[in-house]
Amino acid sequence: MKTILIVEDSEATRKRLEDAVINGGLFELVGSVGTYTEGLAFIRNTPPDILLTDLDLPDGSGVDLIKLINLPAIKTQLAIVITVFGDGYHVIEALKAGASGYLLKDDDFMDINEAISQMVDGGAPISPSIARYLLNELSIAEPAKPEQKNSPDVLSPREKEVLLLVSKGYTSKEIAKMLDLSYYTVREYVSNVYKKLSVKNKMQAVSEATLLGII
């Protein structure tokens with residue numbers, strides 16, 4: 032059972048998340064704190080598998096906590112944001128830091144256990160309004176960098192095929208079944224895509240590939 036650390040300064044929201052995780056029975060809640068300092072100490076000393084964090088903390092930013100998952104010494108592998116901030120600045124900042132999911136606190140649909148499960152399976156849970164914002168940004172962005180005429184050839188045909196399925200919302204397990212590949216082979220393709228596109232997660236990969244005209 033994967034472990035979760037909650038970092039949320041609102042006591043009411045923190046309690047709601049604690050109850051949801053505990054009652055869901057899918058993950059082990061190993062910590063629930065209300066400040067950046069507490070979260071930092073927890074991640075350094077007893078890093079959880081998954082970080083669930085707010086962005087605006089009383090003594091720091093959740094983005095800086097998310098950046099810790101990129102350090103070799105930190106065991107934490109995944110981070111998901113739950114916040115009131117739905118503006119482009121906060122969304123992009125969190126995704127660039129390495130967040131694999133972005134949820135808004137006022138989403139009525141939100142099932143935190145389902146969202147975290149999607150993330151663990153290779154998905155990228157994201158609030159509908161945030162998804163619309165990202166799609167709109169992609170639609171008005173410059174289609175490609177003209178000097179990179181060969182950019183569509185950066186990825187192999189199979190890597191492009193896997194990334195296209197990722198962009199449609201399929202998880203690694205679903206893609207493996209569709210392409211008759213092993214789960215680990217698909218994960219290797221995804222990892223190669225990250226390296227070639229210089230990105231950290233699936234949302235960044237899809238965004239970069241779209242801008243480059245790869246998919």
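In terms of the numbering used here, the sequence shown opens at residue 32 and continues consecutively.
Glycine included, each C-beta is placed from N, C-alpha and C at the ideal position.
Between S148 and L60, the CB-CB gap reaches or exceeds 8 Å.
With a cutoff of 8 Å on beta-carbon distance, G132 and Y164 are scored as not near each other.
Counted as a single uninterrupted DSSP element, the beta strand (DSSP E) harbouring L135 occupies residues 132-135.
Contact annotation, A110 with G129: C-beta distance approximately 6 Å; criterion of less than 8 Å satisfied. Around the beta-carbon of V115, fewer than 16 other beta-carbon atoms lie within 10 Å, marking it exposed. Setting aside the 5 residues that flank it on each side, G65 is surrounded in the same chain by D40, each with a C-beta closer than 6 Å to its C-beta; the list follows chain order. According to the DSSP assignment, G70 belongs to the alpha helix (DSSP H) that extends over 67-76. DSSP places V224 in the uninterrupted alpha helix (DSSP H) bounded by 214-228.
C-alpha of K127 to C-alpha of E145: approximately 23 Å in a straight line. Annotated three-state conformation of D50 is helix, per DSSP. In this structure, I161 is the residue among T44, Y201, K46, I161 with its C-alpha nearest to the C-alpha of H121. Taking every protein chain shown into account, the CB of E42 has fewer than 16 other CB atoms within 10 angstroms, so this residue is exposed. Annotation: the continuous beta strand (DSSP E) that includes A110 extends over 109-114.
Relative to the Cα of K106, the nearest Cα in the group V112, L96, K204 belongs to L96.
Secondary-structure assignment with DSSP links E192 through no beta bridge to anything.
At a Cβ-Cβ threshold of 8 Å, K233 and A155 count as neighbours. Between the alpha carbons of R75 and V151 lies a gap of roughly 21 Å.
Per DSSP, the beta bridge partners of L82 are L36, A110. Taking the Cβ atoms as the reference, V94 lies roughly 6 Å from L86, within the contact range of under 8 Å.
Residue environment analysis places Y67 among the buried positions, since at least 16 neighbouring C-beta atoms fall within 10 angstroms of its C-beta.
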